[in-house]
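Q: First the structure, which I've put down as structure tokens, then a few questions once you've had a look.
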Amino acid sequence: METLDVAVVGAGWAGLAAAKTRHQLHPEESLAVLDSAATLGGTWAKHRLYTGLKTNNMLGTYQYPDFPMDTETYGVKPGQEDFGVPIFHAKDLRNHEDTYETAKSVTVFGGTKSAWDMVYLYATKGIRVDWVIRESGHGPAWNAPPYVTPLKKWLEKLAHIRMLTWFSPCSWGAADGYVKTRNFYHGTFIGRAIVDKFWSILGNDVITLNKYDSHPETAKLKPWSNAMFVATSIGILNYEKDFFEVVKEGLAKIHIANIERVSKQTVHLSDSTTLHTDVLCCATGWKHVPPIRFLPEGITEDIGMPHTPSKDSFPYASLLDQVDKEIFSKFPRLKDQPIQKVQNSKYHTLLEDKGLSSNDDITPSTELTPYTLYHFIIPPSSQYLKTRDIAFVGMIVNFSNPIVSHVQSLWMNAFFDDMIPSLPRNPSPEFVSRFQYEAVLHSRFGKWRYPGGFGHSFPDFVFDAVPYVDLLLKDLGLPIYRKNGIFAEMTDPYGPEDYTTVVDEWKAKQLEPEAPCLGLSKEQHDALISKRNWLTSHTIPIPRDAFRTFISSPKGCHTLDATFVFAQSEAGTAVCISPDGILLTCAHCVAEEPSELTANTSYVLLSPTGKVVTAKVVAWDPIRDLALLQIDKAELLRRPFPFARIATSPPKFNAKLLCIGHPGSEDFEAERSGVKTGYDLLVLTEGTFRGLDKNQDPQDNSDIGALKHTCWTYWGHSGAGLFDRKTGALVGVHSSWDDKTCMRRGVPLEAVAAFVEEAEASQREDLTEEWRWYVRWEPEPTTTYAQGLILE
-17 METLDVAVVG AGWAGLAAAK TRHQLHPEES LAVLDSAATL GGTWAKHRLY
33 TGLKTNNMLG TYQYPDFPMD TETYGVKPGQ EDFGVPIFHA KDLRNHEDTY
83 ETAKSVTVFG GTKSAWDMVY LYATKGIRVD WVIRESGHGP AWNAPPYVTP
133 LKKWLEKLAH IRMLTWFSPC SWGAADGYVK TRNFYHGTFI GRAIVDKFWS
183 ILGNDVITLN KYDSHPETAK LKPWSNAMFV ATSIGILNYE KDFFEVVKEG
233 LAKIHIANIE RVSKQTVHLS DSTTLHTDVL CCATGWKHVP PIRFLPEGIT
283 EDIGMPHTPS KDSFPYASLL DQVDKEIFSK FPRLKDQPIQ KVQNSKYHTL
333 LEDKGLSSND DITPSTELTP YTLYHFIIPP SSQYLKTRDI AFVGMIVNFS
383 NPIVSHVQSL WMNAFFDDMI PSLPRNPSPE FVSRFQYEAV LHSRFGKWRY
433 PGGFGHSFPD FVFDAVPYVD LLLKDLGLPI YRKNGIFAEM TDPYGPEDYT
483 TVVDEWKAKQ LEPEAPCLGL SKEQHDALIS KRNWLTSHTI PIPRDAFRTF
533 ISSPKGCHTL DATFVFAQSE AGTAVCISPD GILLTCAHCV AEEPSELTAN
583 TSYVLLSPTG KVVTAKVVAW DPIRDLALLQ IDKAELLRRP FPFARIATSP
633 PKFNAKLLCI GHPGSEDFEA ERSGVKTGYD LLVLTEGTFR GLDKNQDPQD
683 NSDIGALKHT CWTYWGHSGA GLFDRKTGAL VGVHSSWDDK TCMRRGVPLE
733 AVAAFVEEAE ASQREDLTEE WRWYVRWEPE PTTTYAQGLI LE
């Protein structure tokens, strides 16, 4: 059975964002994305794409903040893809695309945006369409032109303008900091009058622009509910041809009635109308309950998933009453909702219609609690605050799914890593009470805020997305105001571009509190962050023939991951040679004189994935030009540490080598100081072993290294490992450069092995009993070893 560090279930917007963010923060972990579908993407997976399918968004607004989807990047050309989907639910339309050619008449059932899409698709192909909208349903969906209000704003951008979000009652709205403004709009008579006027203008503008009353058939498409209360049950008229002209031309006939039964090629309606049809297309919604069966039985309540309520189940009736009182106290407008303007007074669930049934365990008629998750992400239970082993992203619907998934995923990972200060792992009873209350408050709020949508079942909102993202960013300690100035903050719409760097901001923030305790100056700290940002956004290419030995070697050896970069502005490289975190580098990278060293001398280094470690100097030998450091604090989650294997014998002359090191950023060959080299922070170079200097003791590398090689290096490569390309084993350490011959020099294996053996034999207290060498070459007797320094 395969074992993974992380499993992400679901490959939609949220699942892919969760996987990407986890990998971005923890690239050392093994991760898999699991999905029951054949292709990735959830609603937008390849197997669900059909000809003519479009998002309800303008280009550039429905994308991950750090993964733009534009026509230039992908070379998208109109009409280049042919999507196929037939019948019967809208999600399966692609599988029945042949009906575009074979059908002469089609019946579309439903009033959702998907129904509008199918009506348009068939009608514009010259196929007669009978469109049945349930008399006992929600009615025709709101559909707006791309530009609305007298300001002619994009609809989805309108919902992301901060000052307009204030007109939406929101239980988490205080997260944006404009508490007094929101209290005025929703807590005073004058403010509520302004709010009502705003929503009236917004709704009437759509009705006026669509000219519903200009024709008897289009009049049937006028929305039945108040725009303020419908949430995401709204779409954009994103059709090439005027949709209403298609209806006026008689290509689609609209019936406001229920389907009572069907017979051969005939649909029978509740108003006695019979429709002859070749196809029945159903756009009747989707199931909001997860298809996953959570075990053990009964755990769904504990983890905040929808479940059948009982007298004693959470949330308790008394708690709901308390929450309702707070909601109505803060937002009196939600208590006063004219039924006929909010929801169809004849409404009942689909299965209550005559002649319809289902064998499913859970149907629209099943009474269920809504999702009850803290911040719509984690279970409202103290047990899961302690274990931190389950969270949900994407259990939410809004116009901002990509943005929300992006930020939710970061928040979730911070929760898993125990990095959210406001969520203690061992909470007090008082905290748990507040924690659960807030989860119920936000969950229950949807019932009253969006009765014309699905707020009673799951988080379904539009104008509340920006303060929701504020809520998450605030928990993370990241800036919520991301515009240039107060006026822009209030009037410029938020979009994916405003959240592009939040993951990098979070990663950099994790270093801030560590800087003082690491003993770094501001300049050194800035250098550390700069280096870390580079390492977390780049990968080091490995030659194909060396991939296995350098990345996935047996016995725990991971040569590339074993390389570490000194974090301070001065460059230098080290290589881990033990699973217990022993680093080998050049002595001159650590100190030039013994007086510079104490028993507490330590350095900060970075792994190839940008993880910070501190390492204490434990052995220093200026004659061999070698030093050992032991990691005593690390962000690295993997134990044991990735390490490189020391070779069992010296390389043969002309053997192929690879060198992995940090060249350094300062150009010492420039005429003036401060000139940068432009080299990558960490590079892998190729060369050959050119033997040892015959006139030099291999144990004496104080002036220049005895090993000769041709791998390209720069001054910052000191301490970089020299590896046998074939085996991945360490055969030396780069140390210097011969000005006379232009030959790169290094500390040979003979000196490395002797130095390591001496350090191990010293049996010092800070070299623990677990510190052992998996492979060690026993050198032949040579000249007397130069005296090294073992720090006491």
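Taken in order, the sequence shown gives residues -17 to 774; the numbers are from this note's numbering.
Idealized CB from N, CA, C, for every residue including glycine.
Predicted, not measured: the structure shown is a model, and the values here were computed from it.
Check whether the segment 149 to 163 touches the segment 242 to 259, counting contact only when three or more Cβ pairs, one atom from each stretch, lie closer than 8 Å.
A: Touching, no.
Q: Do Val547 and Ser150 have their C-beta atoms closer together than 9 Å?
A: Taking 9 Å as the Cβ cut-off, Val547 and Ser150 do not qualify as a contacting pair.
Q: Can you tell me the Cβ-Cβ gap for His388 and Tyr46, rounded? I've got them flagged as a contact below 8 Å.
A: Indeed they touch by this definition, with Cβ atoms about 6 Å apart.
Q: So does the segment 259 to 276 actually touch the segment 134 to 144, counting three or more Cβ pairs closer than 8 Å?
A: They do not touch, by the three-pair rule.
Q: Near Phe313, what residues of its chain come up, given a Cβ to Cβ distance below 6 Å and the 5 sequence neighbours on each side ignored?
A: For Phe313, where only same-chain residues beyond five positions count, the Cβ hits under 6 Å are Pro151, His168.
Q: DSSP beta-bridge partners for Gln550?
A: In DSSP, Gln550 forms no bridge with anything.
Q: Since I believe Leu233 is in contact with Ala373 (beta carbons under 8 Å), could you give me their beta-carbon distance rounded to a whole number of angstroms?
A: Rounded, the Cβ-Cβ distance is 48 Å, inconsistent with contact.
Q: Along the chain, where does the beta strand (DSSP E) that runs through Ala14 open and close?
A: Taken as a continuous stretch (DSSP letters only), the beta strand (DSSP E) holding Ala14 covers 13 to 16.
Q: Within the chosen definition, does the segment 676 to 689 reach the segment 717 to 735 through at least 3 CB pairs nearer than 8 Å?
A: Yes: the two stretches touch, three or more of their Cβ pairs being nearer than 8 Å.
Q: Gly477 and Thr3 - do their beta-carbons sit closer together than 9 Å?
A: No, the pair does not count as a contact, with Cβ atoms beyond the cut-off.
Q: Note down the Cα distance separating Val594 from Leu587, rounded to an integer number of angstroms.
A: Rounded to whole angstroms, Val594 to Leu587 spans 6 Å at the Cα level.
Q: So Val375 packs on Met394, CB below 8 Å; how close in whole Å?
A: Contact flag correct, Cβ pair sits at about 6 Å.
Q: What is the DSSP secondary structure of Phe166, reduced to helix, strand or coil?
A: Three-state DSSP puts Phe166 in a helix.
Q: With Ile564 as the anchor, note down where its alpha helix (DSSP H) starts and where it stops.
A: Element bounds for Ile564: not the alpha helix (DSSP H) but the beta strand (DSSP E), 564 to 567.
Q: Indicate whether Ala629 and Ala711 have their beta-carbon atoms separated by less than 9 Å.
A: Yes; because the gap between Cβ atoms is below 9 Å, this pair is in contact.
Q: Considering only heavy atoms of the ligand ADP, does any lie closer than 8 Å to the CB of Glu471?
A: With respect to the ligand ADP, the structure shown offers nothing to examine, as it has no ligands at all.
Q: Rounding to the nearest angstrom, what Cα-Cα distance links Ser589 and Asp508 in this structure?
A: Approximately 17 Å between the Cα atoms of the pair.
Q: Can you give me the Cβ contacts of Gln550 inside the same chain, cut-off strictly under 8 Å, excluding the 5 residues immediately before and after it?
A: Within the same chain, Gln550 has close Cβ partners Leu502, Gln506, Ala509, Leu510, Tyr585, Val586.
Q: Return the Cβ separation of Thr567 and Ala556 in integer angstroms, given the expectation that the two are a contact with Cβ distance under 8 Å.
A: The Cβ separation is near 4 Å, so the contact holds.
Q: Are the CB atoms of Asp457 and Ser404 within a distance shorter than 9 Å?
A: Going by C-beta atoms, Ser404 is nearer than 9 Å to Asp457.
Q: Considering only the alpha carbon of each residue, which of Arg426, Leu640, Leu455 lies closest to Thr709?
A: Minimum Cα distance to Thr709 is reached at Leu640.
Q: Across which residues does DSSP place Asn125 in a beta bridge pair?
A: Looking at the DSSP assignment, Asn125 forms a beta bridge with Gly217.
Q: Label Trp753 either buried or exposed according to how many other C-beta atoms from any shown protein chain fall within 10 Å of its C-beta, with 16 as the threshold for buried.
A: Low per-residue confidence applies at Trp753: pLDDT is 33, beneath 50, and the placement is therefore not dependable enough to give any value.
Q: Below 9 Å between beta carbons: does that hold for Leu565 and Leu611?
A: Yes, these two residues count as a Cβ contact at 9 Å.
Q: Would you call the CB atoms of Arg116 and Ala239 closer than 9 Å?
A: Yes.
Q: Would DSSP call Thr473 helix, strand or coil?
A: In the structure shown, Thr473 sits in a helix (DSSP, three-state: H, G or I).
Q: I need the straight-line Cα distance from Leu460 to Thr345, nearest angstrom please.
A: So the two alpha carbons sit approximately 41 Å from each other.
Q: Of the residues Glu222, Lys28, Ser363, Met210, which one's Cα is nearest the Cα of Ile281?
A: The candidate whose alpha carbon is nearest that of Ile281 is Ser363.
Q: Just to confirm the assignment, what range does the alpha helix (DSSP H) spanning Ala157 have?
A: First-last for Ala157: undefined, no H or E at that position.
Q: What is the residue span of the alpha helix (DSSP H) that Ile183 lies within?
A: Per DSSP, Ile183 belongs to the alpha helix (DSSP H) from 171 to 192.
Q: Taking only the alpha-carbon atoms, compute the straight-line gap between Leu7 and Asp543 and give it to the nearest angstrom.
A: Approximately 16 Å, taken between the alpha carbons.
Q: Going by CA-CA distance only, name the one from Asn677, Pro645, Glu739, Ala741 that's closest to His716.
A: Answer by Cα proximity: Pro645.
Q: What residues are listed by DSSP as bridge partners for Phe705?
A: Answer by DSSP bridge pairing, in chain order: Leu640, Leu712.
Q: Run through DSSP, which three-state label would Leu262 get?
A: The answer is strand: DSSP assigns Leu262 an E or B state.
Q: Using the three-state DSSP reduction, which class does Leu(-2) fall into: helix, strand or coil?
A: DSSP places Leu(-2) in helix when its eight states are reduced to three.
Q: Starting from the Cα of Leu13, find the closest Cα among Leu35, Ala(-11), Glu283 and give me that residue.
A: Of the candidates Leu35, Ala(-11), Glu283, the one whose C-alpha sits nearest the C-alpha of Leu13 is Ala(-11).
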